[in-house]
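Reading through the structure tokens given below for one structure.
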Amino acid sequence: MIFKSYKEAHEHLGIPGSYQRGTHGTPETGVTSLKITVHPESYDKILDDGKTIYYVGKGNKPTPAHPTKSQDLDKQEVFKTSIETQKKFPVLYKYEPHKVKLLGHYRVVNLKRAKRGDIIFYYAILKRV
Numbered sequence: 001m002i003f004k005s006y007k008e009a010h011e012h013l014g015i016p017g018s019y020q021r022g023t024h025g026t027p028e029t030g031v032t033s034l035k036i037t038v039h040p041e042s043y044d045k046i047l048d049d050g051k052t053i054y055y056v057g058k059g060n061k062p063t064p065a066h067p068t069k070s071q072d073l074d075k076q077e078v079f080k081t082s083i084e085t086q087k088k089f090p091v092l093y094k095y096e097p098h099k100v101k102l103l104g105h106y107r108v109v110n111l112k113r114a115k116r117g118d119i120i121f122y123y124a125i126l127k128r129v
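Residue numbers (UniProt numbering): 1 to 129.
Here is the structure:
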């Protein structure tokens with residue numbers, strides 16, 4: 001099913017929380033929902049026909065606009081909690097203006113440290129359940 005916005009998807013699917021793109025949840029709850037917006041220079045990767053997602057962690061995201069900022073490991077607690085609890089959560093994907101789809105429900109299975117030049121960032125590795 002295709003939705004016109006994250007808000008419409010939230011309302012139709014009964015997803016609690018913010019309609020904003022990004023990761024939602026707290027260090028106590030883990031990830032409650034995640035929204036990915038397609039961007040040509042994004043480091044987020046959707047692989048294996050959506051079965052696996054490499055999602056850049058919380059905090060400064062390495063982009064051409066912010067090429068010199070690193071992420072802190074302590075900002076990744078929401079993903080660490082999700083690894084421990086193995087709770088599943090919905091992932092929404094905005095692939096064109098006014099086109100949002102539910103990729104499925106996922107679990108965080110790992111958190112990997114990555115480096116590009118002097119920039120350190122983290123990937124949360126998600127698997128569809």
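The beta carbon of each residue, even a glycine, is placed where N, CA and C say it ideally should be.
(message) Can you look up glutamate 96 in the DSSP assignment and give me helix, strand or coil?
(response) In the sequence shown, residue 96 corresponds to position 96, counting from 1. Glutamate 96 falls in the strand class under three-state DSSP.
(message) Please identify the residue among Asn110, Ile15, Lys115, Val129 whose C-alpha is closest to the C-alpha of lysine 88.
(response) The count along the sequence shown starts at 1 and reaches residue 88 at position 88. It is Val129 whose Cα lies nearest to the Cα of lysine 88.
(message) Please give the ranges of any beta strand (DSSP E) in the UniProt domain "YDG" (3 to 123), keeping only runs that are unbroken, at least 3 residues long and fully inside the region.
(response) 22 to 26, 30 to 37, 45 to 47, 52 to 56, 89 to 96, 99 to 116
(request) Report the residue from Val109, Gln71, Arg107, His98 whose alpha carbon sits nearest the alpha carbon of aspartate 118. (result) Position 118 of the sequence shown holds residue 118. The shortest C-alpha separation from aspartate 118 is found at Gln71.
(message) Here's a check: name, in chain order, each residue in its chain whose Cβ is nearer than 8 Å to the Cβ of leucine 111, leaving out the five neighbours to either side.
(response) For this step, residue 111 is matched to residue 111 along the sequence shown. Gly57, Gln76, Phe79, Lys80, Ile83, Tyr122, Tyr123, Ala124, Ile125, listed in sequence order.
(request) Report the option in Val109, Gly104, Thr26 whose CA atom is closest to the CA atom of isoleucine 2. (result) Counting from 1 along the sequence shown, the entry for residue 2 is found at position 2. Measuring from the Cα of isoleucine 2, the nearest candidate turns out to be Gly104.
(message) If you measure between the beta carbons of isoleucine 36 and valine 91, is that distance less than 8 Å?
(response) Taking the first residue of the sequence shown as position 1, residue 36 is located at position 36. Taking the first residue of the sequence shown as position 1, residue 91 is located at position 91. Against a cut-off of 8 Å, the Cβ pair of valine 91 and isoleucine 36 comes out as a contact.
(request) Less than 8 Å between the CB atoms is what I'm expecting for tyrosine 93 and valine 100, so what's the real figure, rounded? (result) Counting from 1 along the sequence shown, the entry for residue 93 is found at position 93. Counting from 1 along the sequence shown, the entry for residue 100 is found at position 100. With 8 Å as the limit, tyrosine 93 and valine 100 qualify as a contact, their Cβ atoms being about 7 Å apart.
(message) Taking the beta carbon of valine 38 as the centre, do at least 16 other beta carbons fall within 10 Å, making it buried, or is it exposed?
(response) By one-based count along the sequence shown, residue 38 stands at place 38. Valine 38 comes out exposed.
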